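Top to bottom, those sequences are chains A and B. Its first residue numbered 44, the first sequence is counted upward by one per residue in my numbering. Its first residue numbered 993, the second sequence is counted upward by one per residue in my numbering. Yeah, the Cβ is synthetic: ideal placement off N, Cα and C, and Gly gets one too. Every value quoted in this text rests on a predicted model; they were computed, and no experiment measured them. Note sheet for the following structure.
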Amino acid sequence: MTPKQLSILVIDENTIRASIIEAGLREAGHGQVTLVHDVHAIARRVSEVQPDVIVIDLENPNRDMLENMFNLSRAVKRPIAMFVDRSDQAAIEAAVDAGVSAYVVDGLRQERVKPILDMAISRFNAFSRMERELEDARNELESRKVIDKAKGILMRSKGLSEDEAYQLLRRTAMNQNRKISEIAQSLITASELLGGG
Amino acid sequence: MSVSDSITAGFLPLLDSAILVAARERGFAEEEGIALTLARETSWANIRDRIAVGHFEMAHMLAPMPIAANLGLTPMRLDLIAPMSLGLGGNAVTVSRNLWAAMAGEGAARPDDPGVIGAALRGVIQTRRRKGEDPLRFGVVHPHSGHNFELRYWLAGCGIDPERDVEILIVPPPLTADAMAAGRIDGFCVGEPWNSVAVAAGLAHIATVKAAIWRSSPEKVLGVRADWAREHGAVLARLLRALHRASVWCGEADNHEELADLLSAPAYLNQPAALLRGALDGELETGGGTWRFPDFFVPAQKAAIFPWQSHALWFYSQMVRWGQVPHSAENAETARRSFRPDIYRAALEPLGVPLPAASMKVEGALAVPTPVGVSAGQLVLGPDGFFDGAIFDPVHLDAYIASQRSAFR
């Protein structure tokens, strides 16, 4: 007999990350997933959904409220404990490193919950990686614009070709042990100060 | 000093993170060869979890937190010690403007008279009950907090049952003003600057303060992972010396302007310096005028950072009173030993500063400032009275717990 589907509540103010976790859980066959973005709705949603497992991001300031709620029998009908079993130090570390925490209803077997937390951890990590890559791409685009602008200044003021202008920026950066974009930014600033921008 | 030990300490954006901030920003930690990193957190649960997994060695903590951890009340296994307090006082009880208007109608006036303020609140509660209105809701920051216990102590002492006559909810400090604006809570007990933030927003009135409910009472501690402290005793001693110097600096009125500036930075409290200054000087805008509160926040004087074991036992007595833990001699001993005056004394002894000879004192016994026995120099303690005139003698813990059981529990 297959056990009853677990009801999972995902609390995350970051709607994109919450959707990524939800998708992961559904792909893994968990049909009963509820998302909460609004921190003020947490208490009501917990009593409505009666979740077996709660996944919450560590940036959420309401963790203290949530934990207190679990201690009050009148707020939640079933006792809920932090998933991170006292003996499972590695799981605690992986979760905290990833920025996520989980709580489960008392008596739920470890092997049923472990894959859910593992899923949340890997999706949190994937999301952080994605954010870093996005940030890198944004910086890359930004520095390319700065370099193009600096090249333009050099081409106009020194009568260089585009390639010569770039080589000059590159050589200067190497000599000063700095990034090309930094040299380019300095040049733009100087040019603006001198009124030639 | 060339050799540098790294310590990362977590903190929440509250005024009483001042000693840690000063230790870093004014170079007291660096002078002791310690690279101190401060990491701002969003919840006490995060502070606990990050200490447990080793992201932090120590943290700015609610004084009852190490006690709760050692008593096994936290979801994960964690042994903590408190070798230093981070000052006395610093909290207030703040109510919505509507509630204050109703309380004023029942005779509430001076915020330094919690007995009268509490009687007025009881009057409001009785009227609401007659009209069939919902119980008033108060926010505190954590179940194991000075805020929760002093709010309950004050309510119970004024004939208000904290379990039945009001509803007490957990609200994170930075969200208290929002929660009040949205009508989710009618009042809260929280540390500064969050009372002043709600008053400045025109939402609230400061009803009374921690220093009026229990003068010179404990609030935050430096919570340190016990195994780290055992293995790094010498580094911890150096940090405690740095924090001692930082506390003395914070206690000088001449430094309050600079301290308010430091704390106002985006990485720390991220609030206007002018809003922080009042609490440092003990002068708060209550919403009905500025009021001077003696000993509102004490970072240095009166042995403010000495980790009194009588403070630990008082918190324990309140954990028992409100059903968080059953009373036993063994539990009481675990609570007492969570605070470590021995480590404090050993660390500060080389500085030749006055150190209390005792580890416990009778709380509420000093009506006026009183010189006490110390190792060197002079030390004046008190006044330290409870608003109801009660005395807590840690030697008679059982009797104290029994006496409180008859009131409401």
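Residue i - DSSP class collapsed to helix/strand/coil
i	result
Ile1177/B	coil
Ser994/B	Reliability fails at Ser994/B, whose pLDDT of 46 lies under 50, so the model's placement of it is uncertain and no value is given.
Met1311/B	helix
His1303/B	helix
Asn111/A	helix
Ser1035/B	coil
Asp100/A	strand
Pro1106/B	helix
Thr1326/B	helix
His1248/B	helix
His1236/B	helix
Glu1355/B	strand
Leu1072/B	strand
Pro1386/B	helix
Gly1227/B	Looking at the sequence provided, one finds Val at residue 1227/B rather than Gly. Note: Val1227/B maps to helix in three-state DSSP.
Tyr146/A	strand
His1134/B	coil
Pro1165/B	helix
Ser1261/B	Looking at the sequence itself, residue 1261/B is Leu, so the reference to Ser does not match. Correct three-state label for Leu1261/B: coil.
Phe1141/B	helix
Pro1363/B	strand
Ala118/A	In this predicted model, Ala118/A has a pLDDT of only 49, less than 50, meaning its place in the structure is not dependable; the value taken from the coordinates is given anyway. Here Ala118/A sits in coil by DSSP.
Gly1025/B	coil
Glu178/A	helix
Ala1093/B	helix
Arg172/A	helix
Pro1348/B	strand
Glu1098/B	coil
Glu1125/B	coil
Val1201/B	strand
Residue i, buried or exposed, once every other Cβ within 10 Å from all chains shown has been counted against 16
i	result
Asp1041/B	buried
Thr232/A	exposed
Pro1076/B	Here the sequence assigns Met to residue 1076/B, which means Pro is not the residue at that position. Result: buried.
Ser200/A	exposed
Asp1334/B	exposed
Thr1034/B	buried
Gly240/A	Model confidence at Gly240/A stands at a pLDDT of 45, short of 50, so the residue's coordinates are unreliable; what they give is reported in the following sentence. When all chains shown are included, Gly240/A counts as exposed.
Arg117/A	Only weak support is given to the placement of Arg117/A: the predicted model assigns it a pLDDT of 47, under 50, and the value that follows is read from those uncertain coordinates. Looking at its Cβ environment, which holds fewer than 16 other Cβ atoms inside 10 Å, Arg117/A is exposed.
Ser998/B	exposed
Ala1148/B	buried
Tyr146/A	buried
Val1360/B	exposed
Asp1246/B	exposed
Asn182/A	exposed
Glu1355/B	buried
Ile1383/B	exposed
His80/A	exposed
Val1387/B	exposed
Which residues DSSP lists as bridging residue i, in chain order
i	result
Lys1212/B	Leu1054/B
Ser1009/B	Ser1009/B pairs with nothing; no bridge assigned.
Leu1030/B	Ala1001/B
Thr77/A	Leu52/A
Leu1080/B	Pro1210/B, Val1290/B
Phe1088/B	Looking at the sequence provided, one finds Ser at residue 1088/B rather than Phe. Answer by DSSP bridge pairing, in chain order: Ala1196/B.
Ile1160/B	Phe1130/B
Leu1373/B	Thr1362/B
Val1182/B	Ala1084/B
Leu1276/B	Trp1283/B
Expected contact under 8 Å - CB spacing of residue i and residue j to nearest Å
i	j	result
Ser1137/B	Leu1054/B	4 Å
Leu109/A	Ile135/A	In fact, because the Cβ distance is near 17 Å, the residues do not count as touching under 8 Å.
Ala1402/B	Leu1254/B	Beyond the ends of chain B as shown, which are 993 and 1401, falls residue 1402/B; an answer cannot be given.
Ala1094/B	Val1116/B	5 Å
Asp100/A	Asp55/A	5 Å
Ala1021/B	Leu1267/B	At roughly 26 Å, the Cβ-Cβ gap does not stay under 8 Å, so Ala1021/B and Leu1267/B are not in contact.
Lys194/A	Glu205/A	6 Å
Val1182/B	Thr1168/B	5 Å
His1236/B	Leu1078/B	Not confirmed; about 11 Å, so no contact.
Leu52/A	Arg88/A	7 Å
Taking one C-beta from the stretch 1311-1320 of chain B and one from the stretch 1073-1092 of chain B each time, how about it: are there three or more such pairs within less than 8 Å? no
Are the stretch 1274-1289 of chain B and the stretch 1256-1263 of chain B touching by the rule of at least three beta carbon pairs closer than 8 Å? no
Give a yes or no on contact between the stretch 1295-1306 of chain B and the stretch 1330-1346 of chain B, applying the rule of three or more CB pairs nearer than 8 Å. Contact holds: three or more Cβ-Cβ distances are below 8 Å.
Does the stretch 1020-1030 of chain B touch the stretch 1266-1284 of chain B, meaning 3 or more C-beta pairs lie closer than 8 Å? no
Does the structure place the stretch 1180-1196 of chain B close enough to the stretch 218-237 of chain A that three or more beta carbon pairs sit under 8 Å? no
With three or more C-beta pairs closer than 8 Å as the rule, is the stretch 1063-1072 of chain B touching the stretch 1241-1257 of chain B? no
Okay, do the stretch 1111-1130 of chain B and the stretch 1147-1162 of chain B touch, 3+ Cβ pairs below 8 Å being the bar? Touching, per the Cβ criterion.
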